[in-house]
Amino acid sequence: MSDLEIFRKNTRAWLEDNCPTEMRDGAGGEDNICWGGRNWQFQSEAQKTWLERMAEKGWTVPAWPKEYGGGGLSKEEVKILKGEMRDMKARSPLESFGIWMLGPALLKYGTHEQKLHFLPAITRGEIRWCQGYSEPNAGSDLASLQCKCEDKGDHWLVNGQKVWTSYADEADWIFCLVRTDPKVTKHNGISFLLIDMAAEGVSTKPIKLISGKSPFCETFFDDVKVPKEHAPGIGSIVGDLNRGWDVAKYLLTHEREMISAGGGGLFGGRGMGEIAASEIGLEDGRLADPMLRGKIAQAEIDGWAFLLTLERMKDEAKAGQGVGANSSMLKYYGTEFNKRRFELLMDSGGSEALEWEGERTQDGKLARSWLRTKANSIEGGTSEVQLNIIAKRILQLPGA
Amino acid sequence: MALVLTEEQQMLRDAARGFLDEKAPVSALRKLRDTNDETGFSRDLWKEMAEMGWAGILVGEDYGGADFGFVGAGVLAEEMGRTLTASPFLSTSILAATALQKLGGDAQRQEHLPKISAGEAVFALAVDETRKHGPQKTAMKAEKHGNGFKLSGDKTFVADGQVADNIIVAARTAGAPGDAEGITLFLVDAAAKGVARERTVMVDSRGAARLKFDGVEATGDDVLGEVDGGLVALEGVLNAGRAGLAAEMSGAAQAAFTMTMDYLKERKQFGTEIGAFQALQHRAAHLYSEIELMKSVTLKALQDLDEHYGMAGIICSLAKAKAGEVAKLASQEAVQMYGGIGMTDEFDIGFYMKRIRVAQEMFGDAAFHADRLAAMRGY
Numbered sequence: 000m001s002d003l004e005i006f007r008k009n010t011r012a013w014l015e016d017n018c019p020t021e022m023r024d025g026a027g028g029e030d031n032i033c034w035g036g037r038n039w040q041f042q043s044e045a046q047k048t049w050l051e052r053m054a055e056k057g058w059t060v061p062a063w064p065k066e067y068g069g070g071g072l073s074k075e076e077v078k079i080l081k082g083e084m085r086d087m088k089a090r091s092p093l094e095s096f097g098i099w100m101l102g103p104a105l106l107k108y109g110t111h112e113q114k115l116h117f118l119p120a121i122t123r124g125e126i127r128w129c130q131g132y133s134e135p136n137a138g139s140d141l142a143s144l145q146c147k148c149e150d151k152g153d154h155w156l157v158n159g160q161k162v163w164t165s166y167a168d169e170a171d172w173i174f175c176l177v178r179t180d181p182k183v184t185k186h187n188g189i190s191f192l193l194i195d196m197a198a199e200g201v202s203t204k205p206i207k208l209i210s211g212k213s214p215f216c217e218t219f220f221d222d223v224k225v226p227k228e229h230a231p232g233i234g235s236i237v238g239d240l241n242r243g244w245d246v247a248k249y250l251l252t253h254e255r256e257m258i259s260a261g262g263g264g265l266f267g268g269r270g271m272g273e274i275a276a277s278e279i280g281l282e283d284g285r286l287a288d289p290m291l292r293g294k295i296a297q298a299e300i301d302g303w304a305f306l307l308t309l310e311r312m313k314d315e316a317k318a319g320q321g322v323g324a325n326s327s328m329l330k331y332y333g334t335e336f337n338k339r340r341f342e343l344l345m346d347s348g349g350s351e352a353l354e355w356e357g358e359r360t361q362d363g364k365l366a367r368s369w370l371r372t373k374a375n376s377i378e379g380g381t382s383e384v385q386l387n388i389i390a391k392r393i394l395q396l397p398g399a
Numbered sequence: 000m001a002l003v004l005t006e007e008q009q010m011l012r013d014a015a016r017g018f019l020d021e022k023a024p025v026s027a028l029r030k031l032r033d034t035n036d037e038t039g040f041s042r043d044l045w046k047e048m049a050e051m052g053w054a055g056i057l058v059g060e061d062y063g064g065a066d067f068g069f070v071g072a073g074v075l076a077e078e079m080g081r082t083l084t085a086s087p088f089l090s091t092s093i094l095a096a097t098a099l100q101k102l103g104g105d106a107q108r109q110e111h112l113p114k115i116s117a118g119e120a121v122f123a124l125a126v127d128e129t130r131k132h133g134p135q136k137t138a139m140k141a142e143k144h145g146n147g148f149k150l151s152g153d154k155t156f157v158a159d160g161q162v163a164d165n166i167i168v169a170a171r172t173a174g175a176p177g178d179a180e181g182i183t184l185f186l187v188d189a190a191a192k193g194v195a196r197e198r199t200v201m202v203d204s205r206g207a208a209r210l211k212f213d214g215v216e217a218t219g220d221d222v223l224g225e226v227d228g229g230l231v232a233l234e235g236v237l238n239a240g241r242a243g244l245a246a247e248m249s250g251a252a253q254a255a256f257t258m259t260m261d262y263l264k265e266r267k268q269f270g271t272e273i274g275a276f277q278a279l280q281h282r283a284a285h286l287y288s289e290i291e292l293m294k295s296v297t298l299k300a301l302q303d304l305d306e307h308y309g310m311a312g313i314i315c316s317l318a319k320a321k322a323g324e325v326a327k328l329a330s331q332e333a334v335q336m337y338g339g340i341g342m343t344d345e346f347d348i349g350f351y352m353k354r355i356r357v358a359q360e361m362f363g364d365a366a367f368h369a370d371r372l373a374a375m376r377g378y
C-alpha cells in the first residue's frame, strides 16, 4: 500500500470516529457555516466538538505548516482529506476570512513572530477577522484609498472609513489598507495594518442589501490608536511600511482564484435543465418551454466549458505552463456566468421563485440568492476591472 | 488525464506549425481560389503531409498509419485551421479513417487504410440531404436487389466529394426519414455507374459537392458496419468529425484573434493606437476568455474520443457548439476591429470568416448541438 493509500485509510477511520453524526448532513449555505470568533455562539454542541477535534489535528487549515496550527499536509493529502470529507458529507468545521485571506497574506509577507502569534488562533476559530479594503471613494480605484494612518511614536493613529466590510459587526479584528504616506504616488503610500475591533474609536454599521440581508458593514475609525507592536516583537503592520499594495494585490489575486474556483461548486447537485424540467414539466420528453430550453442548453455549454477551463488551467499550472493573469479571466467569466445561471433559475421558477417570505420558499431563498449573485461581478474587482487586467497583462494592449 | 498536451503532442504541433507556415499559408488557399483549381487542394502538398504521417494519423500501425489518436489529429486540424490549409484531412484522415477503423471488416481495412496512410486515396462522407444537418432525416434509399442493394438519392454539402475516390454514404435500408434505426453505411467507388457529382463552389473556396445516386449497385461487402446499424455507428464517426472541426475552428479563431491584436497595437486613430481604447479592450478581453473556453472543451472532446469513444457524444456536441459560436465571434470582431481593411478581399481576414462560417455549419451548427445536448441531458 502506498503512503497516500495508508493516509486515506487512516483519514477515513479518524473521520468516522470523530465527525459527529449531526455534522454529516452535507449542509452548506451561509446559515450553517461555523465562523468562530470571540463572540461565536455555536449552533449545536456537535458543531463545537467538530471544530475542536479538527483544530486539534490542524485540519481546519490542513495545508498550513504544523508550527502555525495547520495540518502540514501535502497537496495530495489535502485532496484526499477533502475527498473523504465530501464522501461522508461532512460539513466544513470552520470558515473564515482569516483562513481565506489573512492567513495566506501572513504566510507570504508576515514575520515568523507574526505568524506564530496570529495564525494558530485562526486555525482554532478563536479570532474572527474581517477585511477593510474599499472606501466610499475607493472602489474599483482601490489604490486611491484615503483612510489616514499617522505615526505617533509608539502607536499609529487611524482616522477614516471603510465600506463593504464583510461581517465587520461580528468580527474581532480587521486587516486593513491604510494610507501611511500621503505625499507619494497613490500605490506607494499604503500599508497593511492589523487592528483590534475592540479598540476605542472603532464602530460599525450594517448595510441592508437588495437581498434583505446585511452581510456587509460600514466601518468607522475615529482617532483609533493602534500600538506599533501588538505584543513584544509582534508588529501591527504586515510587510514593509508603505508597501501594503503588494500584499493587497497578492490577496486580490488569491481572492479571484477562490471566487472562480468556487464556480466549481455551483455545479454540484442538479443541473439547470433538470431543475427546469421538474418545475415546468416535459412535453414529448422535452422541456415544455422551447425558448427556455435553448437558453439553458447554451448556458450549460458555457458552464461546462468554464469548468473544463478551470481544470485545464490547474493542469497547466502543474505542468509549469499557463498565464498568471488568467485568474482575472476566470473571475470575470465565472461571476458573469453565475449571474446568468441565476437568471435562468428565476426564469424556470416563474412566479413561485418570486415569493419573498413564507416557509414554502424558505423565505424566498432562490430570490435572495439571485439578488446576491449581482454582487459577484462587483466584489473582488468588477468585471470591468478584470477585463482591463486581461487587456493589459495578457493581451498587452497599449495604454491600458 | 491532465487537460494539457503531452510532450509528444506538443512536438507534433510545433512541427506542424513550422511546416504549414512555410508550405501552406493563407496565400496558398487564395491561389487555389484565384486559379479556380478543380481539385480544391494541392495533391503534392497532401503527399508531403502523408509522408510525415499526417494522412494516417488515426490509422493503426498495421496499416501504415501513425496511430497518434484523436488528440494528435486535433492538433493537426488546429494547425491547419490557423493557416486555413486546404487538404482532404477532415474527409479522409478523420472521417473515413475513423469509419474504417471502428466499423470496417478486415478486408475493408486491408484494402483502404494503407492507401489512406500513403495519401493515395481521397474519401468523402456523404450524410446530409437537406440544407440543415440531420443524419436522422436520411431519406436516401438502399433497396434490396438480388444479394445486394441499389442506392438511390441525393446528398449535399459533401466535403471533398468533387474529387473523392471513394464515398462513404448513409442510406436507409429500413424505416422512414426521422427514424433512428434503419440507416446503413455503404462504401461506394466514386466511379461506379449511377454516381453523378456536381462540384459546389462554396464561400470558403474549399472543395465540396452535391452527389446523385441513381440505382448504384452495392454488394454486402460494401456495407460498412452492420446493416441497419442505425445512427449509433454513424454518430461515432460524425463525433470524430465534429471534434476535428472544433479543433480546426479553434485554430482559425486563434489566428484571427492574434492578427487582430497585432492590428490594435499598430493602427493609430485620434493620435493613439486604437488598442488603447477601452471599448475595444473589453471586447478583446471578452473574446480572449471565450477562446480559452473553446480550447478547453475542444481538447477534452478529443481526449474523450481517445479514451471513451462510444461515450463522447455529449462532449463532442459541446465542443462543436462552443467552437462554432466562439470562432464566429472571433471572425466578426476581427472584421469590425480591422474596419474597412477587414472588408477587402486583398486582406486575409475575410478568408477566416468564410471558412469558419462553413465549418460551424458542417455536421451541425451550435443550435443543433445545443438541442442535441439538451435531449441527451433529459430536457
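Protein sequence lines, in the order shown, are assigned to chains G and V.
The first sequence lines up with residues 0 to 399 when you count with numbering that gives the first Met the number 0.
The second sequence lines up with residues 0 to 378 when you count with numbering that gives the first Met the number 0.
For every residue, glycine included, the Cβ atom is placed at its ideal position computed from N, Cα and C.
- In the displayed model, D153 (chain V) falls within a strand according to three-state DSSP.
- Contact annotation: E76 (chain G) and L14 (chain G) have beta-carbon atoms that are not nearer than 8 Å.
- For the pair of segments examined, the region 116-133 of chain V was found to touch the region 142-160 of chain V: the number of CB pairs separated by less than 8 Å reaches three.
- Membership of V168 (chain V) in the beta strand (DSSP E) is indicated by the continuous run 165-171.
- In its chain, beyond the 5 residues on either side, Y67, G68 have a beta carbon closer than 8 Å to the beta carbon of P119 (chain G).
- The beta-bridge partner set that DSSP reports for Q268 (chain V) consists of V:T271.
- Closer than 8 Å to the CB of L251 (chain G) there is not a single CB belonging to chain V.
- Beta-carbon to beta-carbon, A217 (chain V) and S116 (chain V) are separated by about 25 Å, too far to satisfy the 8 Å threshold.
- Contact between the region 11-20 of chain V and the region 333-345 of chain V is not established, with fewer than three Cβ pairs separated by less than 8 Å.
- For A54 (chain V), DSSP assigns no beta-bridge partner whatsoever.
- Close partners of K264 (chain V) in chain G (Cβ separation under 8 Å): Q395, L396, P397.
- With respect to Y262 (chain V), L394 (chain G) sits apart: the two C-beta atoms are not nearer than 8 Å.
- Of the residues assessed, T82 (chain V) falls on the buried side of the cut-off, its CB having 16 or more other CB atoms within 10 angstroms.
- Residue-level contact by beta carbon fails for K131 (chain V) and chain G, as no gap is shorter than 8 Å.
- In the DSSP assignment, D303 (chain V) falls within the unbroken alpha helix (DSSP H) covering 277-306.
- Interface with chain V (8 Å Cβ-Cβ cutoff): A352 (chain G) is excluded.
- The Cβ-Cβ distance between T10 (chain G) and G131 (chain G) does not fall below 8 Å.
- Under the Cβ distance rule, T308 (chain G) counts among the residues neighbouring chain V, one pair being separated by less than 8 Å.
- At least one CB of chain G lies nearer than 8 Å to the CB of M260 (chain V).
- A distance below 7 Å between beta-carbons, with the five flanking residues on each side excluded, links C129 (chain G) to the following residues of its chain, in chain order: F96, T164, S165, Y166, A167, A170, I173.
- The way I'd put it, the region 353-360 of chain V doesn't touch the region 267-285 of chain V; fewer than three beta-carbon pairs between them come closer than 8 Å.
- When DSSP reads this structure, S202 (chain G) sits in a beta bridge with G:F219.
- Neighbours of L372 (chain V) across chain G, judged by C-beta separation under 8 Å: A296, E299, I300.
- Within chain G, not a single residue places a beta-carbon under 9 Å from that of T218 (chain V); the smallest gap is close to 39 Å.
- Membership of T183 (chain V) in any alpha helix (DSSP H) is not indicated; the residue belongs instead to the beta strand (DSSP E) covering 182-188.
- Rounded to whole angstroms, the separation of the alpha carbons of E289 (chain V) and R339 (chain G) is 15 Å.
- By alpha-carbon distance to K182 (chain G), the top candidate from G:C175, G:W99, G:D86, G:E149 is G:E149.
- For L301 (chain V), no Cβ of chain G is located within less than 8 Å of the residue's own Cβ.
- Put simply, the CB of L118 (chain G) is far from chain V, with every gap to its CB atoms at 8 Å or more.
- Using a Cβ-Cβ cut-off of 8 Å, S288 (chain V) is close to M328, Y331, Y332, I389 of chain G, given in chain order.
- Relative to the Cα of S204 (chain V), the nearest Cα in the group V:G312, V:F367, V:E37, V:V226 belongs to V:E37.
- Residue pairing by DSSP places L193 (chain G) opposite G:F174 in a beta bridge.
- Scanning its chain for C-beta atoms nearer than 8 Å, with the 5 sequence neighbours on each side dropped, one finds around G229 (chain V) the residues A179, E180, G181, I182, in chain order.
- A residue is called buried when at least 16 other Cβ atoms come within 10 angstroms of its Cβ; M0 (chain G) does not meet this threshold and is exposed.
- Against Q359 (chain V), chain G offers no close residue; the least beta-carbon distance is about 14 Å (beta-carbon pairs closer than 9 Å).
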